[in-house]
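Just below is one structure, and these are the notes that go with it.
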Amino acid sequence: MTSRSTLLDDRAIARALTRMASELVEQCHGTDDVLLVGIQRRGVELAARLSRLIEGLEGHPIASGKLDITLYRDDLQAVGPRPVVGETRLPTALDGRTIVIVDDVLYTGRTIRAALDELADFGRPRRILLCVLVDRGGRELPIQPDIVGLRQVIGPKDRIDVLITELDGRDAVELVRAE
Amino acid sequence: MTPRLGKDLTALETLSAEQILLILDTAEAFKEVSERPIKKVPALRGKTIVNLFFEASTRTRISFEFAEKRLSADTVNVATGGSSVSKGETLVDTARNLEAMRIDMVVIRHPASGSADFLGKRIRSNVINAGDGKHEHPTQGLLDILTLRDRFGSLSGLKVAICGDVLHSRVARSNIWGLKKLGADVAVCGPPSLMPRNVSELGVEVFTRIEDAIRWADALNVLRLQLERMTSGFIPSLREYNRVFGVTRERLERASDKLIVMHPGPMNRGVEIDSDVADGPRSVILPQVTNGVAIRMAVLYLLAGGGPDWQQQGGSE
């Protein structure tokens, strides 16, 4: 059996993203040379939201791209159906830029490890930051976020579901507890 | 549930439409890898792949090798000349010896129809058919279909005419199976001496005049006249073949604007296809080659997770 409770509703997500957009601009000292990179799939949608908010704050658009880390996963040796590979689209020149990786949930850190390896094959950014909507704790690698919407430490059997209107029909962050 | 491919890819005849679409969609993501500054991803790191070619091939072998290397696999090429194969070792002995060196996948081209399937049932490694006799050449069929989908968006109701030496062509068979599963209408066109018997039983239209095929089709897939497989008497002369069945600029002048021309290569310019057409605006021959690498990366990636069905199939003997 599982139970489901709402941690953030649509208005709370909007407020969190607004604050995250301001923090992002502050930590990057503006938006020059900044590139938002959304991790497939929900990170891509969140990066698009942040991009619109930042454009509202700064008055000009911010560059963005999308990254699928499937081919850099550290569990591809396992036998079983291969995970679906999504689209990666990055501008070719990353050298000297500030990159902000955007993802929905930060858990073990393995996805971000894969993203860092993949980005290194595209170039040598000046700096990379990590921006996540929910940090649920439980790290297995020395990786920490720079900008966080919500910190909520939960057990390994529990799950965070991030729902995005574009993909799921509504905005919400829900905690699914195993009982 | 996402469909999966299983252990081997030996034919399109035995795949479902969902499995074919899974390969096409995966290839879509792999196209981008070949455009990166570092054209390499670590997905098959540590896998060892043997390219076992019992027939001459340049394009297919190089395409597979690029695909393997861009996925970070380690590759070994074995060609018939200069190997134990020319000393009379059987196919299974060759493959078992390679397997004893702990390989993971075999890409095989062989003149005997059914050889890839035969091998796949007898070894644990994943087997990919790179052309077996007159049977199938599944990755060529897939890259042709991907090229058509790139151009037309959907395959449903698309009219594809496969022209020329259908009798000797594994490319034709893979195209027919794959295209029909995805809802395309397929026709064949060529001299009766180069048509398989009972060809219409494959569910295709048959044209005997190239002009009729051109009028009907959205796309022509012009096959290579396989001179090396013809012992005698299939066609009177190459010049006459070009005069009657060649895809020429004059013949295409009356075709619809959207008609595209494909060729699996290597071309006999001036025989089945004229240079004006091969190098002209309707030609998608080079995009086919580019798509070939993406398709092969997708197949290698998807099969690499297919554990040995070996136990269930009782493949040992």
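Protein chains in written order, with this note's numbering: chain A, 165 to 343; chain B, 170 to 486.
For every residue, glycine included, the Cβ atom is placed at its ideal position computed from N, Cα and C.
Exercise. Measure the alpha-carbon distance for B/L260 versus B/A382 and round it to whole angstroms.
Key: Approximately 40 Å between the Cα atoms of the pair.
Exercise. Using only alpha-carbon positions, find the residue among B/L181, B/E187 and B/T183 that is nearest to B/P172.
Key: Answer by Cα proximity: B/E187.
Quiz prompt | Amino acids of chain A, ordered along the chain, whose beta-carbon sits closer than 7 Å to that of B/R384 | solution = Listed by position along chain A, the residues whose Cβ is nearer than 7 Å to that of B/R384 form an empty set, because the closest Cβ is around 38 Å away.
Quiz item: Can you round the beta-carbon distance between B/A285 and B/I277 to whole angstroms, since I take them to be within the 8 Å contact cut?
Solution: Taking 8 Å as the upper bound for CB-CB distance, B/A285 and B/I277 are in contact here, some 5 Å apart.
Quiz item: Does the distance from the CB of B/V219 to the CB of B/V210 come in under 8 Å?
Solution: No, these two residues do not count as a Cβ contact at 8 Å.
Exercise. With A/L327 as the anchor, note down where its alpha helix (DSSP H) starts and where it stops.
Key: DSSP places A/L327 in no alpha helix (DSSP H) but in the uninterrupted beta strand (DSSP E) bounded by R323 to L327.
Self-check item: Contact with chain D by A/G250, beta-carbon distance below 8 Å
Solution: The structure shown contains no chain D; its protein chains are A and B.
Quiz item: Do we get a CB-CB distance below 8 Å when we pair A/L235 with the residues of chain B?
Solution: Interface residue, yes.
Quiz item: If we ignore side chains and look at the alpha-carbon of each, how far apart do A/H198 and A/V264 end up?
Solution: Residue 198 of chain A is actually Val in this sequence, not His. Using only the alpha carbons, I get a separation of about 7 Å.
Practice problem: In the DSSP assignment, find the alpha helix (DSSP H) that holds B/A463 and state where it starts and stops. | Solution: Going by DSSP, B/A463 is part of the alpha helix (DSSP H) stretching over I454 to L472.
Quiz item: How about the stretch 168–187 of chain A and the stretch 200–207 of chain A: do they share at least three Cβ pairs that are nearer than 8 Å?
Solution: In this structure the stretch 168–187 of chain A does not lie against the stretch 200–207 of chain A, because fewer than three pairs of beta carbons, one per stretch, are closer than 8 Å.
Self-check item: For A/R175 and A/T329, the rounded distance between their alpha carbons
Solution: Roughly 13 Å separates the two Cα atoms.
Quiz item: Among A/L217, A/G229, A/Q308 and A/D299, which residue has its Cα nearest to the Cα of A/E338?
Solution: Of the candidates A/L217, A/G229, A/Q308 and A/D299, A/D299 places its Cα closest to the Cα of A/E338.
Quiz item: Expressed to the nearest angstrom, what Euclidean distance is found between the alpha-carbon atoms of A/I324 and A/L240?
Solution: Computed Cα separation, rounded: 24 Å.
Quiz item: beta strand (DSSP E) containing A/D299: first to last residue?
Solution: Its beta strand (DSSP E) spans residues R291 to D299.
Quiz item: Can you check whether the CB of B/V440 is closer than 8 Å to the CB of B/G415?
Solution: Cβ distance < 8 Å, so B/G415 and B/V440 count as in contact.
Quiz prompt | Closest residue to B/F321 among B/S294, B/A386 and B/E305 (Cα-Cα distance) | solution = Comparing Cα-Cα distances from B/F321 to each of B/S294, B/A386 and B/E305, the minimum goes to B/A386.
Exercise. Would you mind sorting A/T166 into buried or exposed? The rule is 16 or more other CB atoms within 10 Å of its CB.
Key: Counting Cβ neighbours within 10 Å, A/T166 comes out exposed, since fewer than 16 surround it.
Quiz item: Can you find a CB in chain B that lies within less than 8 Å of the CB of A/G333?
Solution: With 8 Å as the cut-off, A/G333 does not count as an interface residue toward chain B.
Quiz item: Does B/R393 have its Cβ less than 8 Å from a Cβ in chain A?
Solution: Interface with chain A (8 Å Cβ-Cβ cutoff): B/R393 is excluded.
Quiz item: Name the chain B residues that come within less than 8 Å of A/L231, Cβ to Cβ?
Solution: Within chain B, no residue comes near A/L231; the closest Cβ sits about 11 Å away, beyond 8 Å.
Self-check item: Closer than 7 Å at the beta carbon, the chain B residues around A/G244
Solution: Simply G474.
Quiz item: Should B/V357 and B/I331 be called a contact, given that it needs their Cβ atoms to be closer than 8 Å?
Solution: In contact: B/V357 and B/I331 (Cβ atoms closer than 8 Å).
Self-check item: Residues that B/A212 bridges to, as DSSP identifies them
Solution: For B/A212, DSSP records no beta bridge to any residue.
Practice problem: Count the C-beta pairs between the stretch 299–318 of chain A and the stretch 231–240 of chain A that are closer than 8 Å, then say yes if the count reaches three, no if not. | Solution: The stretch 299–318 of chain A, when compared against the stretch 231–240 of chain A, does not touch it at the 8 Å Cβ threshold.
Quiz item: Just to confirm, are B/R265 and B/E305 a CB contact at a threshold of 8 Å?
Solution: In terms of Cβ geometry, B/R265 and B/E305 do not form a close pair [threshold 8 Å].
Practice problem: Return the chain-ordered list of same chain residues with a C-beta closer than 8 Å to the C-beta of B/A388, the five sequence neighbours on each side being excluded. | Solution: Counting only Cβ-Cβ distances below 8 Å, and skipping sequence neighbours, we find L317, R320, F321, L327, K328, V329, A330, L428, I429, V430 and M431.
Self-check item: Buried versus exposed call for B/L184 [16 or more other C-beta atoms within 10 Å across all chains shown]
Solution: Residue environment analysis places B/L184 among the buried positions, since at least 16 neighbouring C-beta atoms fall within 10 angstroms of its C-beta.
Quiz item: What residues of chain B sit near A/L240, judged by a beta carbon separation below 7 Å?
Solution: At a beta-carbon threshold of 7 Å, the residues of chain B lying near A/L240 are A212, ordered along the chain.
Quiz item: Under 8 Å between C-beta atoms, does A/Y207 make it to chain B?
Solution: Looking at the sequence itself, residue 207 of chain A is Gly, so the reference to Tyr does not match. By this cut-off, A/G207 is not an interface position.
Quiz item: In its own chain, which residues sit with a C-beta less than 6 Å from the C-beta of B/D354, not counting the 5 before and 5 after it?
Solution: If we look at B/D354 and ignore the five residues flanking it on each side, its Cβ neighbours are K328.
Quiz item: Run through DSSP, which three-state label would A/D267 get?
Solution: Strand.
Quiz item: Do you know how far the Cα of B/V391 is from the Cα of B/G434?
Solution: It is roughly 9 Å from the alpha-carbon of B/G434 to the alpha-carbon of B/V391.
Quiz item: Would you say A/G260 faces chain B, with C-beta separation under 8 Å as the test?
Solution: Closer than 8 Å: no.
Quiz prompt | Between the CA atoms of A/L214 and B/L351 - distance to the nearest angstrom | solution = Answer to the nearest angstrom: the Cα atoms are 40 Å apart.
Exercise. Have a look at A/V317, A/K230, A/D281 and A/V312 and flag the residue whose alpha-carbon is nearest the alpha-carbon of B/A198.
Key: For B/A198, the closest of A/V317, A/K230, A/D281 and A/V312 by C-alpha to C-alpha distance is A/K230.
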